[in-house]
Amino acid sequence: GINLLLASALTEWRIRLREISRSPAWNALEVTLQERRSVAAIVQARVAKGLAVEVYGLNALLPVGQVRGVHHTTPADRVDTLLRTRLGQELRVRVLRMDADAGHIYVSEQVPAGRQLPLPFW
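If you want my numbering, it's the position in the sequence shown, counting the first as 1, plus 435.
Structure representation (structure tokens):
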């Protein structure tokens with residue numbers, strides 16, 4: 436819409452959000468969101484709001500509050516150390532929300548309430 440045109444005019448870049456939201460990867464993530472399935476994600480970088488991850492070749496945000504092992508009582512220095520140790524790692528995440536208009540994908544490493552991770556059989 437108007438934001439897409441404004442952003443293109445201001446930056447002189449061609450923003451291609453429509454193509455991203457119509458891509459096979461986007462569609463596959465929408466299915467995992469609906470089915471509440473987890474997917475593999477590779478941690479790319481530490482960012483102000485959490486971790487930048489790649490899921491099916493698309494960029495996503497894993498917010499600090501959705502990282503396994505981080506709680507509201509976790510000290511800030513411990514949070515930063517934990518996030519930095521995740522760089523380059525593959526994680527299992529669930530898609531929380533997808534915004535096709537902005538091209539944003541938000542994921543969580545947390546286990547939903549009432550669900551447990553499957554334990555391996557020995």
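By construction, the Cβ of each residue, glycine as well, lies at the ideal position given by its N, Cα and C atoms.
Assumed close pair residue i, residue j - CB separation to whole angstroms, cut-off 8 Å
| i | j | result |
| --- | --- | --- |
| residue 528 | residue 493 | Actually they are not in contact, since the Cβ atoms of residue 528 and residue 493 sit about 12 Å apart, beyond 8 Å. |
| residue 526 | residue 544 | 6 Å |
| residue 542 | residue 495 | 5 Å |
Bounding residues of the alpha helix (DSSP H) (the contiguous stretch that carries residue i)
| i | result |
| --- | --- |
| residue 510 | Counting along the chain, residue 510 falls outside any alpha helix (DSSP H), and DSSP gives it neither H nor E. |
| residue 525 | Run containing residue 525: none in the alpha helix (DSSP H); it sits in the beta strand (DSSP E), 525-534. |
Coarse secondary structure for residue i, derived from DSSP in three states
| i | result |
| --- | --- |
| residue 485 | strand |
| residue 473 | strand |
| residue 502 | coil |
| residue 468 | helix |
Closest Cα partner of residue i within the set the options
| i | options | result |
| --- | --- | --- |
| residue 455 | 545, 510, 536 | 536 |
| residue 514 | 495, 524, 486, 541 | 486 |
| residue 517 | 459, 530, 480 | 480 |
N-terminal and C-terminal residue of the beta strand (DSSP E) that residue i is part of
| i | result |
| --- | --- |
| residue 542 | 539-543 |
Counting Cβ pairs closer than 8 Å, one from the stretch 461-472 and one from the stretch 502-514, do we hit at least three? no
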